[in-house]
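Residue numbers (my numbering): 617 to 991. Note that the Cβ used here is the ideal one computed from N, Cα and C, for glycine as well. Only a predicted model underlies this, so the values are computations on that prediction, with no experimental measurement involved.
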Ligand SMILES: Cc1cc2nc3c(=O)[nH]c(=O)nc-3n(C[C@H](O)[C@H](O)[C@H](O)COP(=O)(O)OP(=O)(O)OC[C@H]3O[C@@H](n4cnc5c(N)ncnc54)[C@H](O)[C@@H]3O)c2cc1C
């Protein structure tokens, strides 16, 4: 293969958005994915929520990209008829202690740029969601749900149309700095190895992003790039109970930064409850047998109509976290590694939630970094 301008590793939702935004007529962009199609990992194993930007520290990349991404995803969905729900969200307070946190959350969200946030009382909750039990709630009308498969398909088609080349079944195994960029070593599904030169490499490898940074010569522990795995598991709600609420219903977040087990309506009329998060040592997607009880006990205070028999075990996904258990939530790392003596390498590390929502904004940010390197 000849020289390419930009290699993007990983066709999850972020790599696809980056390929779309980076592709240009005078630039050869190659998106490489080890699986047979896009979105086989975290990007198809999540809650599909278009977040509003409430939870993140003011000034963080997470908050900024989330608010921008929220606006842009609705625009894309409307322009290109992608399945989505503008269903809004209620963060519900069941206890007095919960209620005391709502105003803080509202102010944090507003400082991030989340719009139309309002603390409401029992009567208004009853009008919006008659089946829900809560004494107060933070109403967030700009939260919603997107069909992530359709959004990724749109990014894939748009990237191809803009001139990006997309290769599936190709695993990047080696990254070596050269005088003018990078030597990229890959293996295809038949086991054959190739190498080629790329001016810029963008690491969007999700759960493997720390390992790829290490392959490029970075000490991932010293840099804080090692990915820790936190598995989020879901139940599916049935017996007609999936029709009893329409909004996203969330508890007040915990102090550890978890958003808690919530309703996840989907664009097909279904409903999941989750995720229940547990730290794990390896990438595997099994779902605990006692998940139904855990989910039931977590949501029964605000979904009083629920019975354990309404829940079926469903899927799981893994949050790519750079913090370890018990450590405070970290911001995204989106870094051109020029100061580490590795010009032309852009690492995206720790792209956990709200990565679906943030994807268009992350894509544009990467494209601007690539412009800075190549222009
Ligand atoms: C339980 C859960 C719930 C979530 N809920 C939400 C939500 O409601 N809203 C929201 O906005 N976000 C949510 N998120 C976060 C969101 O899903 C992620 O931030 C997002 O999907 C990350 O996308 P990505 O493209 O960075 O990574 P991935 O989807 O993991 O994609 C990385 C890709 O890189 C490929 N790859 C890895 N190594 C190589 C290699 N060596 N060579 C070639 N390819 C490689 C992988 O195969 C993979 O396809 C949730 C996440 C989880 C786990």
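When the five nearest sequence neighbours on each side are left out, the beta carbons in the same chain lying within less than 7 Å of the beta carbon of residue 669 are those of 679, 682, 683, 686, 725, 728, 729, 730, in order along the chain. In this structure the stretch 962-978 lies against the stretch 647-665, because at least three pairs of beta carbons, one per stretch, are closer than 8 Å. The closest CA to that of residue 875, considering only 887, 732, 848, is found on 848. With a threshold of 16 other beta carbon atoms within 10 Å, residue 881 meets it and is buried. Here the stretch 831-845 makes no contact with the stretch 862-870; the two share fewer than three CB pairs at distances below 8 Å. Exposed is the label assigned to residue 920, since fewer than 16 other Cβ atoms lie within 10 Å of its Cβ.
Here DSSP, grouped into helix, strand and coil, assigns residue 679 to helix. Rounded to the nearest angstrom, the gap between the Cα atoms of residue 651 and residue 629 is 14 Å.
The beta-bridge partner set that DSSP reports for residue 623 consists of 646, 817. Rounded to whole angstroms, the gap between the alpha carbons of residue 674 and residue 721 is 12 Å. In this structure the stretch 956-963 does not lie against the stretch 924-938, because fewer than three pairs of beta carbons, one per stretch, are closer than 8 Å.
Pairing residue 717 with residue 948, the inter-Cα distance amounts to about 25 Å.
Under the 10 Å beta carbon count, residue 637 is surrounded by 16 or more other beta carbons and is classified as buried. Look at residue 828 here: in three-state DSSP terms it is helix. Secondary structure at residue 749: coil, using DSSP grouped into helix, strand and coil. Note: residue 943 is not bridge-paired with any residue in the DSSP secondary-structure output. By the Cβ rule, the stretch 740-758 counts as touching the stretch 699-713, because three or more pairs are nearer than 8 Å.
As the crow flies, the alpha-carbon of residue 808 is around 15 Å from that of residue 648. Between ligand 1 and residue 941, a heavy atom-to-CB distance of less than 7 Å is absent. When secondary structure is reduced to three states using DSSP, residue 989 falls in the helix class.
Around the CB of residue 745, 16 or more other CB atoms lie within 10 Å, so the residue is classed as buried. Between residue 639 and residue 747, the C-beta gap is not smaller than 8 Å, which leaves the two residues out of contact. At a threshold of 7 Å, residue 871 does not count as near ligand 1, since its beta carbon sits no closer than that to any of the ligand's heavy atoms. Between the alpha carbons of residue 803 and residue 789 lies a gap of roughly 7 Å.
Ranking 661, 646, 858 by CA distance to the CA of residue 621 puts 646 first. DSSP, read as helix, strand or coil, puts residue 952 in strand. DSSP links residue 804 through a beta bridge to 786. Shown here, residue 823 sits in a helix according to DSSP, grouped into three states. A heavy atom of ligand 1 is found nearer than 7 Å to the CB of residue 934.
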